[in-house]
Amino acid sequence: MDANITKALNDKLYDKRKSGALELEALIRDALAAQDHDRIQKIVHQLCHEYAYAVHQPHARNGGLIGLAAASIALGPEVARYLEEIVPPVLACFSDQDARVRYYACESMYNIAKVAKGEILVYFNHVFDALCKLAADSELSVKNGAELLDRLVKDIVAESAASYVSVLHAPPESAEEEGEETRPPSEELPTAFSLERFLPLLQERINVINPFTRTFLVAWISLLDSIPDLELVTYLPRFLGGLFKFLSDPNQDVHTATQVALDKFLSEIKKIARVKRGIAESRKSQGEDGMKHSTSSIPSRQDADSDSDSAAPSQLDVVDEKDDGSADSQSITANDEKSGSGEGDWIPGQDVQVDHAKIMNILVAFLSDASEEEIQLTALRWIDSFFEICPEDIMPFVPRLLSHVLPTMAHDVDTVRQAANRVNTSLMDYIMSLSDDSRRPDNTAATPLNLPNSLSALGKELTVVERRDSNLSNRLLKTVIRDQAPDGRSLDSRGTRTPTPAEDRGPSPRPGPELDYQAAVNALTLQFLNEHEATRVAAIAWLIMLHRMAPGKILSVEDGTFPALLKTLSDPSEAVVTRDLLLLSQISRNSDDSYFTSFMVNLLKLFCTDRRLLETRGNLIIRQLCVTLSAERIYRTMADCLEKDEDVEFTSIMVQNLNNNLITAPELADLRKRLRNLDSKDGQSFFVTLFKSWCHNAVATFSLCLLAQAYEQAYNLLQIFADLEMTVNMLIQIDKLVQLLESPVFTYLRIQLLEPEKYPHLYKCLYGLLMLLPQSSAFAALKNRLNSVSAIGYLHIAPRTYVPPITSFNHLRQKSSETGSSSSQQGSSVSSFERPNRLKAREDGGVKWVELLDKFKATQERARRSQRLASLGEDVRASPIQEKEKLSPPEVPLKNPNIRPNSVASANRQPPTPAQGQGHKSKSSLSNLGRFGVAGRKKK
Numbered sequence: 002m003d004a005n006i007t008k009a010l011n012d013k014l015y016d017k018r019k020s021g022a023l024e025l026e027a028l029i030r031d032a033l034a035a036q037d038h039d040r041i042q043k044i045v046h047q048l049c050h051e052y053a054y055a056v057h058q059p060h061a062r063n064g065g066l067i068g069l070a071a072a073s074i075a076l077g078p079e080v081a082r083y084l085e086e087i088v089p090p091v092l093a094c095f096s097d098q099d100a101r102v103r104y105y106a107c108e109s110m111y112n113i114a115k116v117a118k119g120e121i122l123v124y125f126n127h128v129f130d131a132l133c134k135l136a137a138d139s140e141l142s143v144k145n146g147a148e149l150l151d152r153l154v155k156d157i158v159a160e161s162a163a164s165y166v167s168v169l170h171a172p173p174e175s176a177e178e179e180g181e182e183t184r185p186p187s188e189e190l191p192t193a194f195s196l197e198r199f200l201p202l203l204q205e206r207i208n209v210i211n212p213f214t215r216t217f218l219v220a221w222i223s224l225l226d227s228i229p230d231l232e233l234v235t236y237l238p239r240f241l242g243g244l245f246k247f248l249s250d251p252n253q254d255v256h257t258a259t260q261v262a263l264d265k266f267l268s269e270i271k272k273i274a275r276v277k278r279g280i281a282e283s284r285k286s287q288g289e290d291g292m293k294h295s296t297s298s299i300p301s302r303q304d305a306d307s308d309s310d311s312a313a314p315s316q317l318d319v320v321d322e323k324d325d326g327s328a329d330s331q332s333i334t335a336n337d338e339k340s341g342s343g344e345g346d347w348i349p350g351q352d353v354q355v356d357h358a359k360i361m362n363i364l365v366a367f368l369s370d371a372s373e374e375e376i377q378l379t380a381l382r383w384i385d386s387f388f389e390i391c392p393e394d395i396m397p398f399v400p401r402l403l404s405h406v407l408p409t410m411a412h413d414v415d416t417v418r419q420a421a422n423r424v425n426t427s428l429m430d431y432i433m434s435l436s437d438d439s440r441r442p443d444n445t446a447a448t449p450l451n452l453p454n455s456l457s458a459l460g461k462e463l464t465v466v467e468r469r470d471s472n473l474s475n476r477l478l479k480t481v482i483r484d485q486a487p488d489g490r491s492l493d494s495r496g497t498r499t500p501t502p503a504e505d506r507g508p509s510p511r512p513g514p515e516l517d518y519q520a521a522v523n524a525l526t527l528q529f530l531n532e533h534e535a536t537r538v539a540a541i542a543w544l545i546m547l548h549r550m551a552p553g554k555i556l557s558v559e560d561g562t563f564p565a566l567l568k569t570l571s572d573p574s575e576a577v578v579t580r581d582l583l584l585l586s587q588i589s590r591n592s593d594d595s596y597f598t599s600f601m602v603n604l605l606k607l608f609c610t611d612r613r614l615l616e617t618r619g620n621l622i623i624r625q626l627c628v629t630l631s632a633e634r635i636y637r638t639m640a641d642c643l644e645k646d647e648d649v650e651f652t653s654i655m656v657q658n659l660n661n662n663l664i665t666a667p668e669l670a671d672l673r674k675r676l677r678n679l680d681s682k683d684g685q686s687f688f689v690t691l692f693k694s695w696c697h698n699a700v701a702t703f704s705l706c707l708l709a710q711a712y713e714q715a716y717n718l719l720q721i722f723a724d725l726e727m728t729v730n731m732l733i734q735i736d737k738l739v740q741l742l743e744s745p746v747f748t749y750l751r752i753q754l755l756e757p758e759k760y761p762h763l764y765k766c767l768y769g770l771l772m773l774l775p776q777s778s779a780f781a782a783l784k785n786r787l788n789s790v791s792a793i794g795y796l797h798i799a800p801r802t803y804v805p806p807i808t809s810f811n812h813l814r815q816k817s818s819e820t821g822s823s824s825s826q827q828g829s830s831v832s833s834f835e836r837p838n839r840l841k842a843r844e845d846g847g848v849k850w851v852e853l854l855d856k857f858k859a860t861q862e863r864a865r866r867s868q869r870l871a872s873l874g875e876d877v878r879a880s881p882i883q884e885k886e887k888l889s890p891p892e893v894p895l896k897n898p899n900i901r902p903n904s905v906a907s908a909n910r911q912p913p914t915p916a917q918g919q920g921h922k923s924k925s926s927l928s929n930l931g932r933f934g935v936a937g938r939k940k941k
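Letter 532 of the sequence shown, counting from 1, is numbered 533 in this note's numbering, and no numbers are missing.
Shown next as structure tokens:
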């Protein structure tokens, strides 16, 4: 450069530096006209190293920057070959400590880019990185200069980023002429701007926190996305995570810009899916590929259209195109351009490949952060949209989705909670649609169509937590039982699903991913520990649905979920307990007897360890199980388990609960009817099974005999009651039984009071209860009931002859114990007082009544010993207590020496024997029994 130019560029005044730059511009123009490239190269080198890199001379740096800008303007189109030396020093000045240097660097780069145009894209990454830092500059003038440069670079990128090839990489003119015949090599030339080179920088910068820099990045992402040929959406997974984090920025401008950008990306993904769906439909209907797969694809589509809504076809088409595209995208593009669509037109977006799986992975990861509501809400909306775009790609993420979506269903923010509910419903509907599709190839007619409907109804009704009243629960349970009865066997027998949704829907032979049932079950089981009721209810609803879809794959005895399901019965929510019982019943129905027995045993253990659960939820659990499973099977199994239980106290409490439900539960009405009929072998077996375990609770055993109309046995039990210690708990149970006798359940018993000749022992039973009760409200109620039918008892006193009670009683005892007797004539005389069918049962030996009585006495004696041991302490031995118990009964038969001391009758029936014969005749009131007793004593 001339000396005057170098002096002017070093001046501290801007005007002198500017005049020197104008002189430099004229000098370079002259040198360019003279083709003196060597001098131009030397001038540029001098400007860079003596001025722009002069770190400790700010005026020289400013002069160098304006000189480089003037040189670029003078060079014009020829600047491309000098940019490699011009741009680096200008970029270095962007990070100078002096704000004026940074501003002049922006001004210089603006002028350089304005001349270079597309050539500046070769250095786009460096310019972008510098601008990214200047967007957060503290000096306002620098910010304004950076904004001007930013706008210019954006214009250049929008205009030529997709196709501009640098002149340095372009082939010579001779090669271009030869390349007209062979076009493809020209397409392989690298463009000046490359997304592949730019995206690593974007991934690095996307993690910034400064709101100005974030706004700068969102603006650039939106711009690049608006350029069709770049197809930025293909690279979306590489920066989507950072973009989602921008939603939590407190700056409203950043939040709004990010939300708009994300909405554009989502709409673009949907548009690509629609384009691919249209091409797939055209290919199936017109193209050669459609003819090849018409036998497999078209029928499945017709079935899907008949059973699903308008969104279902779109899902199928996206899956088809996704499968084809992932296999070989080049052939698809060729087919689309030539013959695939039936037309020769290329449709924008048809060959764009979006990695839905990676996007889903990012979305699911953001669901776990409950503190960021906006991020969660946007992620849920995206996931819900993906059910329309690419439902098959969601399948591998189902376990993780369940782990994050179900807790979000109890979110404090209503919009987030609603979005989570929508995702949960969409996911459940999609999984059930797969089950529906998997059944179609195996089944014909309309039978498989009923089960998905019931499944859908079950899923939708179970996930609505607000409608969880008892009426809903009962109605839901009945619906499930009714639906499961015909369809459960077909599910169980079918086992695994052979066809996958991709095979049914699309032309691709590649099978779609199947649901990982075990991972899903593990994720759902963990939700039992969630503190929110809505989450726990939804988790059990999912388990119910998955078990109905694949009963052989999940929730077996060995997989460890059974203890978790049992523990869930202690849940404070009634809705959770009801659905948990439904699931346990469903598992038991599809399992063998060992699972059912294990279920009952573990349930009893749970009741034993958690007495509060037994008190608060015991009745609910028993009744719901009897609705969903066989009530008789439940009672038989529990009775067998309780009979062998060593815990006398718990067994008594449990028998009392079972007995109360047996008497009062509407769900057990059929079981009560079976108990009333002891003529059949099944009825007798059921009664004996219950009686043996009911022996642990005296009042429950007595009420069981009343329920089974075994009034004589009940009367015999009452006589044993006289030897038992009447505790407060026992009196309370008798009081409750008297109240139950006034309920509709025992209407038949009250009607039978009108036939004292046919039911003689019924009167004795009720009068015996009256004698056991203290004079309370229950005593008054029972006394009033008996007094209301006392006149009928008088009608039968006169015609009857007195029958010795001891003879008839011993005769019946001997008959029942099958010891043989010669007094058959006396038995026939007593038969008029007994029901014929009862006598028949005894004669046939169906029920061994005496053995049952002995069992009752032995059980009660064991309970008495255990209670005394518990009260007296460990140092008291059992043998003195046993001797005391054995010595106490012989005191009773001393009152009547006519009876053998060692006989069963003498031990248990002696106190009421003076009135027994008269009771057979009158059945009127307690006062009559008293008068007969007084008369007997007067004769003595």
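Even glycine gets a Cβ: it sits at the ideal position worked out from N, Cα and C.
Worksheet item: What number of angstroms, rounded off, separates the C-alpha of Ser653 from the C-alpha of Asn362?
Response: 56 Å
Fill in: Under 8 Å between C-beta atoms of Leu604 and Ile541
no
Fill in: Ordered list of alpha helix (DSSP H) runs contained in the segment 541 to 584, each at least 4 residues
Counting only runs of 4 or more, we get 562 to 568.
Discussion item. Cutting at 8 Å between CB atoms, please list the residues of its own chain near Phe688, excluding the five before and the five after it.
Written reply: Leu676, Leu679, Leu705, Ala709, Ala711 and Val848
Practice prompt. Please check the pair Gly119 and Ala193, which I expect to be a contact at CB under 8 Å, by giving their CB distance rounded to whole angstroms.
Written response: 6 Å
Item to complete: Report yes or no: do the segment 99 to 114 and the segment 189 to 208 share at least 3 C-beta pairs separated by less than 8 Å?
Response: As far as the Cβ criterion goes, the segment 99 to 114 does not touch the segment 189 to 208, which means the pair count is below three.
Worksheet item: Can you tell me the Cα-Cα spacing of Leu595 and Ile273, whole angstroms?
Response: According to the sequence displayed, residue 595 carries Ser and not Leu. When rounded, the distance between both Cα atoms is 54 Å.
Worksheet item: Alpha carbon to alpha carbon, what distance is there between Leu771 and Leu669?
Response: 28 Å
Worksheet item: Is it buried or exposed for Leu853, if we count other Cβ within 10 angstroms and need 16 for buried?
Response: buried
Fill in: Run of the alpha helix (DSSP H) containing Lys43, from where it starts to where it stops
From DSSP, the alpha helix (DSSP H) with Lys43 extends over His38 to Gln47.
Worksheet entry | Nearest neighbour of Phe857, chosen from Lys759, Thr617 and Phe703 [CA to CA] | Checked all of Lys759, Thr617 and Phe703; the closest Cα to Phe857 is Phe703.
Worksheet item: Which of the three DSSP states, helix, strand or coil, is assigned to Gln734?
Response: helix
Worksheet entry | beta strand (DSSP E) runs contained entirely in the segment 190 to 246, provided each spans 3 or more residues | none
Practice prompt. Mind checking which residues open and close the alpha helix (DSSP H) that includes Thr598?
Written response: Asp594 to Thr610
Fill in: Rounded straight-line distance, which links the Cα of Arg537 to that of Leu870
44 Å
Worksheet entry | Cys766 and Leu672 closer than 8 Å at C-beta | With respect to Leu672, Cys766 sits apart: the two C-beta atoms are not nearer than 8 Å.
Item to complete: Decide if Val209 is buried, meaning its Cβ has at least 16 other Cβ atoms within 10 Å, or exposed.
Response: buried
Worksheet item: In three-state DSSP terms, what is Phe857?
Response: Three-state DSSP puts Phe857 in a helix.
Fill in: DSSP three-state assignment for Pro510, whether helix, strand or coil
Residue placement at Pro510 is poorly supported in this model, since its pLDDT is 37, which falls under 50; the coordinates still yield a value, given next. DSSP places Pro510 in coil when its eight states are reduced to three.
Item to complete: Apply the 10 Å Cβ neighbour rule to Asp352 and answer buried if 16 or more other Cβ atoms are within range, or exposed otherwise.
Response: buried
Worksheet item: Looking at the structure shown, is Gln351 part of a helix, part of a strand, or coil, going by DSSP?
Response: Under the three-state reduction of DSSP, Gln351 is assigned to coil, being neither helix nor strand.
Worksheet entry | Asn422 - DSSP class collapsed to helix/strand/coil | helix
Worksheet entry | Cβ-based neighbour list, Asp3, same chain, cut-off 8 Å, excluding 5 preceding and 5 following | Glu24 and Leu28
Practice prompt. Find out if the Cβ-Cβ distance for the pair Val91, Ala136 is shorter than 8 Å.
Written response: no
Discussion item. Counting only beta-carbon separations shorter than 8 Å, does Ser595 have a partner in chain B?
Written reply: Any reference to chain B falls outside this structure, which holds one protein chain only.
Item to complete: State the Cα-Cα distance for the pair Thr569 and His412, rounded to the nearest angstrom.
Response: 22 Å
Discussion item. Closest to Ala565 by C-alpha separation, out of Ala576, Leu530, Ser369 and Ala551, would be which residue?
Written reply: Leu530
Discussion item. To the nearest angstrom, how far is the alpha carbon of Val877 from that of Ile555?
Written reply: Here the model assigns Val877 a pLDDT of 41, short of 50, so the residue's position is not dependable, and the following value carries that caveat. Each residue's alpha carbon lies about 52 Å from the other.
Worksheet item: From Arg18 to Leu196, what does the alpha carbon distance come to, in whole angstroms?
Response: 39 Å
Item to complete: Would you kindly work out how many angstroms separate the C-alpha atoms of Gln587 and Phe563, rounded to a whole number?
Response: Going by the C-alpha atoms only, they are around 12 Å apart.
Practice prompt. Tell whether a beta-carbon distance below 8 Å holds between Leu263 and Thr416.
Written response: no
Discussion item. Here's the rule I'm using: 16 or more other beta-carbon atoms within 10 Å means buried, otherwise exposed. How should Lys285 be labelled?
Written reply: buried
Discussion item. Please identify the residue among Ser386, Leu141 and Thr216 whose C-alpha is closest to the C-alpha of Ser268.
Written reply: Comparing C-alpha distances from Ser268 to each of Ser386, Leu141 and Thr216 shows the shortest one belongs to Ser386.
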